[in-house]
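First the structure, in the form of structure tokens, and then the observations on it.
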Amino acid sequence: MSGGKSWSRQRGEIDAYNAFLSAYPARNSDRGFLDEGYRLTNFFPTIDNSFTETAVEPDFSLYDGETLILAEVKQGNNIEPRDVKQAKRLDSVSIDAAEEYIDKIDVDGRFGFSGDVFSTEPLIYYDELDSEYVDDCRNKWEDCREQLEELEEYCPVLGREGQQTLQVLAGEFGSNYLQEWLSAGIEMAETPRVTVTMTDGLEIESIAVTICRVWGERAVSEPVTVGVSELRTHFNYRDLEPGRVKSAFDLLDDLGACDRVENREIEFTPGHMPAILDIESLITDQSGGDEDQGSLDEFF
Numbered sequence: 001m002s003g004g005k006s007w008s009r010q011r012g013e014i015d016a017y018n019a020f021l022s023a024y025p026a027r028n029s030d031r032g033f034l035d036e037g038y039r040l041t042n043f044f045p046t047i048d049n050s051f052t053e054t055a056v057e058p059d060f061s062l063y064d065g066e067t068l069i070l071a072e073v074k075q076g077n078n079i080e081p082r083d084v085k086q087a088k089r090l091d092s093v094s095i096d097a098a099e100e101y102i103d104k105i106d107v108d109g110r111f112g113f114s115g116d117v118f119s120t121e122p123l124i125y126y127d128e129l130d131s132e133y134v135d136d137c138r139n140k141w142e143d144c145r146e147q148l149e150e151l152e153e154y155c156p157v158l159g160r161e162g163q164q165t166l167q168v169l170a171g172e173f174g175s176n177y178l179q180e181w182l183s184a185g186i187e188m189a190e191t192p193r194v195t196v197t198m199t200d201g202l203e204i205e206s207i208a209v210t211i212c213r214v215w216g217e218r219a220v221s222e223p224v225t226v227g228v229s230e231l232r233t234h235f236n237y238r239d240l241e242p243g244r245v246k247s248a249f250d251l252l253d254d255l256g257a258c259d260r261v262e263n264r265e266i267e268f269t270p271g272h273m274p275a276i277l278d279i280e281s282l283i284t285d286q287s288g289g290d291e292d293q294g295s296l297d298e299f300f
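Counting with the numbering used here, you get residues 1 to 300 for the letters of the sequence shown.
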């Protein structure tokens, strides 16, 4: 549909986001990010930075009144050259750029923070990375070792140790406190709460699934209508352009999950409920499973 990632890959990305965020208000720990004073300020923020030609776009930003954490989240455990490039960009964010970003997102009104930034701390998290894989990477696979060592130059590498502990597995934070805390690890939820429903690429398939979850599933007994403007206002994401939303509407209409009321609006009815509830399978069947075809975004 969109020429991007297949739905199965998009779903893996979304699951990785939610796994990472299960360490924010950590249900199984009293040392999650929230407990340590950090606030999740934004999903997929845009940070203008003088050291890069284009804006820096981490997956999440967290802030405690002094330190801005810029987090990049990956599914799987494969360290790729583009990951190193992303880490380098995150590491290049200056204090001035961080403070300008913090000023724009109203941390005083939202969290009671002053807006001062004394340090920035990038990190990259791999959802299926553990210490055994890191050891093999360092000692058995030369290409992997080279990528890991280059990645460590720019930021610490976090993974999921023992399937349920968010932990630093390679590299170091600039802050001794962060290094000690996240080396000890944060216990993650076995079944993470669904906080994010779209990928950072805002691919069409993930937008379509999100629309079904937020609006379609309300149409149990009576019709529910949603338009482009309402959806963009609800999510307020960067780059959620009207064209992407209309493409998601087209996909849902093609799959029999809604009716087009007009160009910028769709209607869900009780009769659409079987397709609405089975939307992920329908999209997977249409996109050809794991072939790289379509993509979507996130929601909170």
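Note that CB positions come from ideal geometry on N, CA and C, so glycine has one too.
These numbers come from a predicted model, not from an experiment.
Nearest C-alpha to G159 among A208, G174, L182: L182. In this structure, F118 sits near E66, with a CB-CB distance shorter than 7 Å. With a 10 Å radius around the Cβ and a threshold of 16 neighbouring Cβ atoms, G109 comes out exposed. For L68, the closest of Q75, D91, E142 by C-alpha to C-alpha distance is D91. Counting every other CB atom within 10 Å of its CB across the protein chains shown gives W141 a total below 16, marking it as exposed.
Collapsing the DSSP output to three states places E72 in a strand. Here the segment 71-83 does not lie against the segment 35-52, with fewer than 3 beta-carbon pairs under 8 Å apart. Inter-residue distance for D116 and Y101 is about 11 Å (C-alpha atoms, whole angstroms).
Distance between R31 and E128, taken at the CA atoms: about 22 Å. Residue range 165-170 is occupied by the beta strand (DSSP E) that includes Q167. The Cβ-Cβ distance between V228 and W215 does not fall below 7 Å.
When the five nearest sequence neighbours on each side are left out, the beta carbons in the same chain lying within less than 6 Å of the beta carbon of E99 are those of V117, in order along the chain.
Contact between Y17 and D59 holds: CB atoms are separated by about 7 Å, below the 8 Å threshold.
T165 sits close to E187, with the two beta carbons spaced by under 7 Å.
Apart from sequence neighbours up to five positions away, the residues of its chain that approach V107 with a beta-carbon distance below 7 Å are T41, Y63, F113, G115, ordered along the chain. Going by DSSP, I124 is part of the beta strand (DSSP E) stretching over 119-126.
Scanning the segment 35-81 from its first residue to its last, the whole beta strand (DSSP E) runs of 3-plus residues come out as 39-43, 60-63, 67-74. Within the same chain, and ignoring the five residues on either side of R89 in sequence, the residues whose Cβ sits closer than 6 Å to its Cβ are T52, V56. In the displayed model, I207 falls within a helix according to three-state DSSP. Taking C-alpha positions only, D135 is separated from E149 by approximately 12 Å. Secondary structure at I186: strand, using DSSP grouped into helix, strand and coil.
A208 is the residue among D254, A208, P242, G271 whose C-alpha sits nearest the C-alpha of R11.
Following the DSSP letters along the chain, one finds T284 inside the alpha helix (DSSP H) bounded by residues 279-287. Per DSSP, the continuous beta strand (DSSP E) segment holding F268 begins and ends at 265-268.
Linking A257 to T191 through their CA atoms gives a straight-line distance of about 28 Å.
Taken atom to atom, the span from the alpha-carbon of V245 to that of T233 is near 12 Å. Y24 and I79 have their C-alpha atoms roughly 24 Å apart.
Under the three-state reduction of DSSP output, G109 falls in the helix class. Out of N139, I279, C155, the CA that lies nearest to the CA of Y125 is found in C155.
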